[in-house]
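Letter 258 of the sequence shown, counting from 1, is numbered 1672 in this note's numbering, and no numbers are missing.
I have placed the structure first, in the form of structure tokens, so that the comments after it can refer back to it.
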Amino acid sequence: MNLDALPPLRDVIARHGLGADKRFGQHYLLDLNLTAKIARLCGDMSGHAVLEVGPGPGGLTRALLGAGAERLIVIEKDARFLPAMGELALAAPGRLEVVQADALKVDEASLVRGPALLASNLPYNVGTALLIKWLEASPVWWSRLVLMFQKEVAERVVAAPGWDAYGRLAILTAAVSRARYAFTVPARAFTPPPKVDSAVVVIEPLSQAERFDDLEALRIVTESAFGQRRKTLRRSLAQAAIRTPVSSETLLEAAGIDPSVRAETVGPEGFLRLARAWRAAKDGQ
């Protein structure tokens, strides 16, 4: 059997009894045009390991193999999908490796052995946690992430200051990468359809020289700043347990930020300066 001879995905789902499990946030994308569109966003896959998380019945997996993935590693927690993945592996000899594991606990760097591409229709219930794990990875093992989230999560990833969706996730993303919103995927494209639309985001890492390296400090100041969004930064930082020997106003002034503004109006670079100021004050204790 080869890829062209594989049965339709709906037949695979029926034959193996692969009804979507709400516990894992599973919604299957069976539209071959959409899965091919996602795979194309990975660019040239030759010479790269390609990683997919949560392949389910294998819709995107087929598209990635069809688009030229020479070494595709899929991580699947749900054992029900392993037989379907085994059939795909037989149809693409030597090109597909199946790993049964929890993606939140996997050491991706040891699997891919070099800069890798990652494409995934992420399970709704762990998508944000996985993204944060990959953004914070050090050393950076990925060269591009092509990820589908709930639309509201995708908007949080790419949001700019002043947007309702702007917050900690957008700032972390901007600190280590460049992200762009690729396209929206309507709920009706999925089986079963979720209650909300989804969207695909493409993320590429900044160079080591550009990347902000004190993510602990950034996490602390953004948690504090966005913990009370309607308050000024002077007040939200003063009431947060960030524990430095200087006042919140002194920290903000050191970062070149007006203490009377709210967190959602300050761009990522302002928060990077604030994180540096917090670290300098903390280390100076």
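We put the CB at the ideal spot given by N, CA and C, even for glycine.
Check                                                                                                              : Outcome
Distance CB(residue 1675)-CB(residue 1636) smaller than 8 Å                                                        : no
Residue 1612 - partner residues in DSSP beta bridges                                                               : 1564, 1599
Residue 1590: first and last residue of the uninterrupted alpha helix (DSSP H) it sits in                          : 1582-1590
DSSP state of residue 1522 mapped onto helix, strand, coil                                                         : helix
Closest by C-alpha distance to residue 1553, when choosing among 1623, 1536, 1567, 1616                            : 1623
Beta carbon of residue 1614 nearer than 8 Å to that of residue 1601                                                : no
Residue of 1606, 1443, 1691, 1599 minimising C-alpha distance to residue 1612                                      : 1599
For residue 1635, three-class secondary structure by DSSP                                                          : helix
Opening and closing residue of the alpha helix (DSSP H) in which residue 1467 lies                                 : Premise fails: residue 1467 lies in the beta strand (DSSP E), 1463-1467, not in any alpha helix (DSSP H).
CA-to-CA distance, residue 1558 to residue 1548, given in whole angstroms                                          : 11 Å
Top-ranked residue by Cα proximity to residue 1663, from 1607, 1434, 1648, 1653                                    : 1648
Where residue 1624 falls: helix, strand or coil (DSSP)                                                             : coil
Cβ contact (3+ pairs, closer than 8 Å) linking the stretch 1472-1481 and the stretch 1521-1535                     : yes
Supposed close pair residue 1468, residue 1422 - CB separation, criterion 8 Å                                      : Not really, about 20 Å apart at Cβ, beyond 8 Å.
Exposure label - residue 1577; buried when at least 16 CB within 10 Å                                              : exposed
Nearest-angstrom Cβ-Cβ length linking residue 1588 and residue 1682, presumed shorter than 8 Å                     : 4 Å
Top-ranked residue by Cα proximity to residue 1565, from 1541, 1585, 1556                                          : 1541
Cβ neighbour criterion (16 or more within 10 Å) applied to residue 1632                                            : buried
Identity of the residues DSSP links to residue 1454 by a beta bridge                                               : DSSP, once it has assigned bridges, lists no residue as partnering residue 1454.
Burial state of residue 1449, where buried means 16 or more other Cβ atoms lie within 10 Å                         : buried
N-terminal and C-terminal residue of the beta strand (DSSP E) that residue 1490 is part of                         : 1485-1490
Beta-carbon proximity check, residue 1452 vs residue 1560, cutoff 8 Å                                              : yes
Pick from 1471, 1485, 1447 that is closest to residue 1511, judged by C-alpha positions                            : 1485
Residue 1582, buried or exposed, once every other Cβ within 10 Å from all chains shown has been counted against 16 : buried
Rounded straight-line distance, which links the Cα of residue 1445 to that of residue 1708                         : No answer is possible for residue 1708: it lies beyond the span of the chain, which begins at 1415 and ends at 1699.
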